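Here the sequence shown stands for residues 1 to 455, numbered as in my numbering. The next block holds one structure in the form of structure tokens; read it before the comments.
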Amino acid sequence: MPARIDYLLVLNANFNKTDFAKYLRDREAVLPSDFGGLCDGVADDRIAIQAAFDRAGADQKFAMIPPGTWNVSGTVTLPGGARGLIMQGTIRYTGTAPTSVLVLGDGGTIRNAEKLYTGLNVIRQTLSDWFSEADIGITVRNVDASQIELRRVEGFTIGMRTLDDGRGVEDSTFTLGRIVNNRIGLDIWCATVTAWNTSVRYYGGHFAQATGVNAAQDRLGVRFGNEAGAYSNHNRHVFDVPNFELRQAGSNIAIPFLNQTSGSAIIARNMRMEACSPLAARHTAGAQDCEYDIAWTNTYLVGIDYTATANRCGNAVINRHRAPASRFQRFLAGVPNTRAAAFRQSATEVGVEGLITIAASTTTATFIADFCFNGLTELTPTDRAVTLAANRGLGWMLDTSQAKEFALAHRLTSDASGGRLFVRVFDGAGNVREDIAGDVLASITTMQWNGPAKG
1 MPARIDYLLV
11 LNANFNKTDF
21 AKYLRDREAV
31 LPSDFGGLCD
41 GVADDRIAIQ
51 AAFDRAGADQ
61 KFAMIPPGTW
71 NVSGTVTLPG
81 GARGLIMQGT
91 IRYTGTAPTS
101 VLVLGDGGTI
111 RNAEKLYTGL
121 NVIRQTLSDW
131 FSEADIGITV
141 RNVDASQIEL
151 RRVEGFTIGM
161 RTLDDGRGVE
171 DSTFTLGRIV
181 NNRIGLDIWC
191 ATVTAWNTSV
201 RYYGGHFAQA
211 TGVNAAQDRL
221 GVRFGNEAGA
231 YSNHNRHVFD
241 VPNFELRQAG
251 SNIAIPFLNQ
261 TSGSAIIARN
271 MRMEACSPLA
281 ARHTAGAQDC
291 EYDIAWTNTY
301 LVGIDYTATA
311 NRCGNAVINR
321 HRAPASRFQR
331 FLAGVPNTRA
341 AAFRQSATEV
351 GVEGLITIAA
361 STTTATFIAD
371 FCFNGLTELT
381 PTDRAVTLAA
391 NRGLGWMLDT
401 SQAKEFALAH
411 RLTSDASGGR
421 LFVRVFDGAG
431 NVREDIAGDV
441 LASITTMQWN
451 GPAKG
């Protein structure tokens, strides 16, 4: 290989250490072969790769991994002082102990900004048993305004982890290739309270499992998580055209997204789901305003799974494949759906825009199950419910001045104890219109104005 020949020429010319150091300084990239790396698929090149990485960091140069297979028996770390990493070859982990094989950037409070990591390709010689989350192919630490291109990561418990352990991962772009035979393909993880993980773009990604790989174990495409007490407001992560082929087999689960945080706006567009569980995502905490857009799936039922304490506020699944037309909201006279625009933006506010408290005829407190607007207190840690005081109800104020028609629907609970559906009509001055023919009409279920009930 040319890099190896360069190194031999330096030795044959009998350069001294000063000449060799100058030779390296004059180059834009540092190679493992400069430090004795063999790349023969047999020798352990870890020491040579680490020496090249250290020199690239010290001289603020690019590190380069030329074509071929470079074996390592342990972790290699590229310091944040390096401008980036260009990989044409493959790093193959030959050890057995769980470790993070390729670590990019500094940890702690150091900002790793304007980096270029391209062609990342890390594999495990022996497939992981998926039991230890310390078994990680690639760890990217505290990057900001950077470009990361992942070509392949294969055979680990966690394929790639973006790690915030003092600062944050933010405003960066990830181009994802093959993420194969990892229990968790991409792990978006915060380790400290001073960290953050926000505003990141992801393009592509083939999250896949081969048939029979650790078949009894659960597998995930993307996980959002954090250490106990660490930052958990992961927000504004956008995924374009990810492909999930996770091989659900028997009792295991195979879910594209697991969100264990309380952030917002995790957006996935044009997802493909094959051999997955009938779930686009599982939410276990307070994540809200997330959206999963399914372009293709081999199941009719695709939804979000919530634990008992999870927040359902604003989350949505749009299934564009095998989806009945009724799944999509119909706009009336150009007026957007009111509830879609209703959620308030402040975490300190309660309720939705246009939500009002109204007088009701009930004489006892009203139990409302699954009413999960931000800020309302649950009855118990396992209930998604609130209780209204006696003689009070909740309703929406809708402006129908631009609509020729609108529809109301009411779903009774399993014990048929749901409230009643009613309408109050107001004129332009805000006065209640009573007993005026034609104000309330219905085509499927009769709804007539009832004077005594005012409804």
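Each residue gets a CB set at the ideal place from its N, CA and C atoms; glycine is no exception. What you are looking at is a predicted structure, and each value in this text was computed from that prediction instead of being measured.
Helix, strand or coil, according to DSSP, for residue i in the structure here?
i	result
Ala145	coil
Gly395	strand
Ile49	helix
Asp293	strand
Ala134	coil
Asp427	coil
Arg55	helix
Ser199	strand
Val10	Only weak support exists for where Val10 lies, its pLDDT of 41 falling under 50; the value from the coordinates is given anyway. Val10 falls in the helix class under three-state DSSP.
Pro242	coil
Phe35	helix
Glu154	strand
Gln288	strand
Pro79	coil
Asn226	strand
Tyr93	strand
Identify, in the order they occur along the chain, each residue of the same chain with its Cβ nearer than 6 Å to the Cβ of residue i, setting aside the five sequence neighbours on each side.
i	result
Pro67	Gln88, Gly89
Glu227	Ala191
Ser462	Residue 462 is absent from the structure shown; the chain starts at 1 and stops at 455.
Ala48	Pro32, Phe35, Gly36, Gly37
Gly185	Gly159, Ile179, Phe207, Gly221
Gly108	Gly166
Asn121	Met87, Thr90, Arg151, Arg152
Taking the alpha carbon of residue i as the reference point, which residue from the options has its own alpha carbon closest?
i	options	result
Ser128	Met271, Ser33, Val180	Val180
Trp196	Ser262, Ala390, Phe239, Val103	Ser262
Ile138	Thr157, Arg219, Gly41	Thr157
Gln50	Leu246, Gly37, His234, Glu170	Gly37
Phe174	Ala215, Ser100, Leu246, Arg201	Arg201
Arg111	Thr94, Thr99, Val140	Val140
Gly314	Ile123, Ala287, Gly185	Ala287
Asp164	Tyr203, Ala230, Thr118	Ala230
Val213	Val42, Asn243, Trp130, Ala82	Trp130
Leu78	Asp240, Gly119, Ala52, Thr94	Ala52
Gly95	Gly155, Asp54, Ala113, Ile148	Gly155
Gly41	Thr99, Gly119, Gln125	Gln125
Pull up the distance between the alpha-carbon of residue i and that of residue j, whole angstroms please.
i	j	result
Ala249	Ala56	45 Å
Gly221	Arg183	8 Å
Ile304	Thr192	28 Å
Arg92	Arg312	42 Å
Leu279	Ile255	6 Å
Arg27	Leu116	17 Å
Gly105	Thr162	11 Å
Ala58	Asp289	44 Å
His237	Glu291	11 Å
Thr284	Val101	30 Å
Ala469	Trp189	The first residue shown for the chain is 1 and the last is 455, placing residue 469 beyond what the model contains.
Asn235	Phe224	10 Å
Ile253	Leu246	9 Å
Ile460	Leu176	The structure shown does not extend to residue 460, since the chain is modelled only from 1 through 455, so no value can be given for it.
Ala265	Asn319	18 Å
Gly204	Met271	9 Å
Gly218	Phe257	A small correction: the amino acid at residue 218 is Asp; Gly does not occupy that position in the sequence shown. C-alpha separation (whole angstroms): 12 Å.
Thr69	Ala310	45 Å
When burial is assigned at 16 or more other CB atoms within 10 Å of the CB, is residue i buried or exposed?
i	result
Arg282	buried
Phe426	exposed
Arg433	exposed
Tyr300	exposed
Ala340	Note on Ala340: pLDDT 45, under 50, position unreliable in the model; no value is reported.
Ala308	exposed
Gly168	buried
Ala316	exposed
Ala210	exposed
Val350	Unreliable placement is indicated for Val350, whose pLDDT of 44 sits below 50; the coordinate value is still reported in the next sentence. Answer is exposed; the Cβ neighbour count stays below 16.
Val103	buried
Thr297	buried
Who are the Cβ neighbours of residue i in its own chain at under 7 Å, not counting the five residues just before and after it?
i	result
Arg46	Val72, Ser73, Gly74, Val76
Asp171	Asp144, Ala145, Ser199
Ala390	Thr362, Thr363, Thr364, Ala365
Gly81	Gly57, Ala58, Gln60
For residue i, is the beta carbon positioned less than 6 Å from some heavy atom of the ligand SAH?
i	result
Val169	No copy of the ligand SAH occurs in the structure displayed, which carries no ligand at all.
I'd like the list of long-range same chain contacts for residue i, defined as Cβ closer than 8 Å, with 5 residues on each side in sequence excluded.
i	result
Ala29	Ala56, Lys61, Phe62, Ala63, Met64, Ile86
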